[in-house]
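Q: For reference, each letter of the sequence shown is one residue, going 7 to 276 in this note's numbering. Note that the Cβ used here is the ideal one computed from N, Cα and C, for glycine as well. One structure, pasted below without further comment.
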Amino acid sequence: MSVYPAVFIVLSYLVWIKCIYYRHRSSLVKSLNNFMNVLTSRDTVGADIRALVVTAHPDDECMFFAPTIIRLVELKASVHLLCLSEGNYYNQGAQRKQELLNSCAVLGIPDSRITIIDHKKLPDDPKAEWSVSLVSSLIVKHMREHSFNMVLTFDGSGVSGHANHTAIHKAVSYLASTGQVPNDCCLLSLVTVGLFRKYISFLELPFSWLLPCSLRCFLGSQGYRQAKDAMYCHRTQLLWFRYLYVTMSRYMFINTFQMIPQGPKNLKIY
7 MSVYPAVFIV
17 LSYLVWIKCI
27 YYRHRSSLVK
37 SLNNFMNVLT
47 SRDTVGADIR
57 ALVVTAHPDD
67 ECMFFAPTII
77 RLVELKASVH
87 LLCLSEGNYY
97 NQGAQRKQEL
107 LNSCAVLGIP
117 DSRITIIDHK
127 KLPDDPKAEW
137 SVSLVSSLIV
147 KHMREHSFNM
157 VLTFDGSGVS
167 GHANHTAIHK
177 AVSYLASTGQ
187 VPNDCCLLSL
197 VTVGLFRKYI
207 SFLELPFSWL
217 LPCSLRCFLG
227 SQGYRQAKDA
237 MYCHRTQLLW
247 FRYLYVTMSR
257 YMFINTFQMI
267 PQGPKNLKIY
């Protein structure tokens with residue numbers, strides 16, 4: 007059997023991926039304009055965006071949200087980070103806090119836009135059930151202080167299923183359902199994909215391009231190097247499987263988001 011058809015298919019696939027990357031910037035700007043036009047009824051540019059990324063632990067910002075942060079910073083958006091723990095599971099909180107600051111410097115977020123919460127009721131622990139009431143109060147307080155018009159966080163599966171990740175989604179969904187989010191602020195949750203899509207690296211790009219979502223953020227080779235450098239700032243986390251993650255995870259290259267709907271719902275919190 008000739009190998010030429012297979013080679014042709016592979017080359018065509020890679021060319022298609024390259025074309026998608028080239029088209030992405032205009033697509034991203036168009037998506038952001040659609041969000042802002044719906045919210046404010048006026049044209050917007052990157053500098054009009056005040057975005058808050060809400061995470062649970064130091065390293066979440068680069069392991070899961072690097073493509074989005076890098077792209078928004080490139081568009082001159084004001085990007086802030088709210089991290090709800092110091093990552094003190096192995097009593098390394100002080101070191102991990104500094105690693106987070108170093109990582110954000112690489113991604114383009116200055117220290118003045120970073121808030122790290124150290125609360126005894128929000129331990130870095132996959133078995134801990136964070137209080138949705140407490141988490142939502144911390145998030146909404148931060149939102150009101152800084153007048154954000156975009157909030158990005160995990161979805162209900164939290165990418166990795168970590169209980170601290172999913173608690174943040176529950177908290178933001180609660181805020182959305184109870185009318186505590188300003189009308190000019192959109193809420194976006196990072197889409198969790200299955201294991202196959204999660205670990206085929208940039209080859210996952212056509213799936214993310216074709217499947218419906220509210221917002222897509224892709225990185226090319228230069229952006230990926232920036233994301234990788236940010237991850238390497240988290241030296242306490244660089245176990246052998248992290249190196250595999252940096253190479254194989256689509257979240258180092260690609261983010262897709264769905265909007266979190268706002269409106270009254272009968273949602274209980276604890």
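Quick check for students: name the residue ranges of the beta strand (DSSP E) that lie wholly in the segment 174-201, counting only runs of 3 or more.
A: 192-196, all fully within the segment 174-201.
Q: Please report the residue range of the alpha helix (DSSP H) in which residue 108 lies.
A: If you number the sequence shown from 1, residue 108 lands on position 102. Here the alpha helix (DSSP H) through residue 108 covers 99-113.
Q: Let me check understanding here. Comparing Cα to Cα, which of 235, 268, 80, 227 lies closest to residue 53?
A: One-based indexing of the sequence shown puts residue 53 at position 47. The candidate whose alpha carbon is nearest that of residue 53 is 80.
Q: Below 8 Å, can you find three or more Cβ-Cβ pairs linking the segment 163-180 to the segment 114-133?
A: Counting Cβ pairs under 8 Å, three or more are found: they touch.
Q: Helix, strand or coil: how does DSSP classify residue 68 here?
A: Taking the first residue of the sequence shown as 1, we reach residue 68 at position 62. Reduced to three states, the DSSP call for residue 68 is helix.
Q: On the three-state DSSP scale, how would you describe residue 163?
A: Stepping through the sequence shown from its first residue, residue 163 is reached at position 157. Note: residue 163 maps to coil in three-state DSSP.
Q: Taking C-alpha atoms, which residue in 223, 188, 110, 150 lies nearest to residue 61?
A: Residue 61 sits at position 55 when you count from the first residue of the sequence shown. Among 223, 188, 110, 150, the Cα nearest to that of residue 61 belongs to 110.
Q: Reducing DSSP to helix, strand and coil, say where residue 63 ends up.
A: Residue numbering aside, residue 63 sits at position 57 when the sequence shown is read from its first letter. In this structure, residue 63 counts as coil in the three-state DSSP scheme.
Q: Which value, in whole angstroms, describes the spacing of the CA atoms of residue 90 and residue 66?
A: As a working note, residue 90 is residue 84 in the sequence shown. As a working note, residue 66 is residue 60 in the sequence shown. The straight-line gap from Cα to Cα measures roughly 11 Å.
Q: With distances taken Cα to Cα, identify the nearest neighbour of residue 184 among 117, 156, 267.
A: Here residue 184 refers to the residue found at position 178 of the sequence shown. Answer by Cα proximity: 267.
Q: How would you call residue 202, buried or exposed, if buried means at least 16 neighbouring beta carbons within 10 angstroms?
A: In the sequence shown, residue 202 corresponds to position 196, counting from 1. Looking at its Cβ environment, which holds fewer than 16 other Cβ atoms inside 10 Å, residue 202 is exposed.
Q: Leaving aside the five residues before and after residue 265 along the sequence, list all residues of the same chain whose C-beta is less than 7 Å from its C-beta, in chain order.
A: Here the question's residue 265 lines up with position 259 in the sequence shown. The residues are 192, 193, 194, 220.
Q: For residue 3, is the classification buried or exposed, using 16 other Cβ atoms within 10 angstroms of its Cβ as the cut-off for buried?
A: The structure shown does not extend to residue 3, since the chain is modelled only from 7 to 276, so the question has no answer here.
Q: Let me check understanding here. Comparing Cα to Cα, which of 84, 107, 162 lies closest to residue 241?
A: Position 235 of the sequence shown holds residue 241. Residue 107 is the option with its Cα nearest to residue 241.
Q: Note down, in chain order, each residue of its chain lying with its Cβ closer than 7 Å to the Cβ of residue 3, except the 5 sequence neighbours on either side.
A: The question about residue 3 has no answer, for the chain in this structure spans 7 to 276.
Q: Per DSSP, which one or two residues make a beta bridge with residue 84?
A: Position 78 of the sequence shown, counting from 1, holds the residue named residue 84. 56, per the DSSP bridge assignment.
Q: What residues in its chain sit with their C-beta under 7 Å from that of residue 272, if we drop five residues either side in the sequence?
A: Within the sequence shown, the letter at position 266 stands for residue 272. Unreliable positioning characterises residue 272 in this predicted model, as indicated by a pLDDT of 45, which lies under 50. The coordinate reading is nonetheless provided below. Once the five neighbours on either side are set aside, residue 272 has no close Cβ partner at all.
Q: Reducing DSSP to helix, strand and coil, say where residue 94 ends up.
A: Here residue 94 corresponds to residue number 88 of the sequence shown, with the count starting at 1. Of the three classes helix, strand and coil, the one that applies to residue 94 here is coil, per DSSP.
Q: Mapping the DSSP letters down to three states, classify residue 221 as helix, strand or coil.
A: By one-based count along the sequence shown, residue 221 stands at place 215. Three-state DSSP puts residue 221 in a strand.
Q: Could you spell out where the beta strand (DSSP E) holding residue 263 opens and where it closes?
A: The residue labelled residue 263 in the question sits at position 257 within the sequence shown. First-last of the beta strand (DSSP E) with residue 263: 260-265.
Q: Measuring alpha carbon to alpha carbon, tell me which residue in 144, 230, 223 is nearest residue 127.
A: For the purposes of this step, residue 127 is taken as residue 121 along the sequence shown, with counting starting at 1. The residue with the shortest Cα to Cα distance from residue 127 is 144.
Q: Name the residue from 216, 115, 181 whose alpha carbon lies nearest to the alpha carbon of residue 138.
A: Residue 138 sits at position 132 when you count from the first residue of the sequence shown. Here the closest residue by C-alpha is 181.
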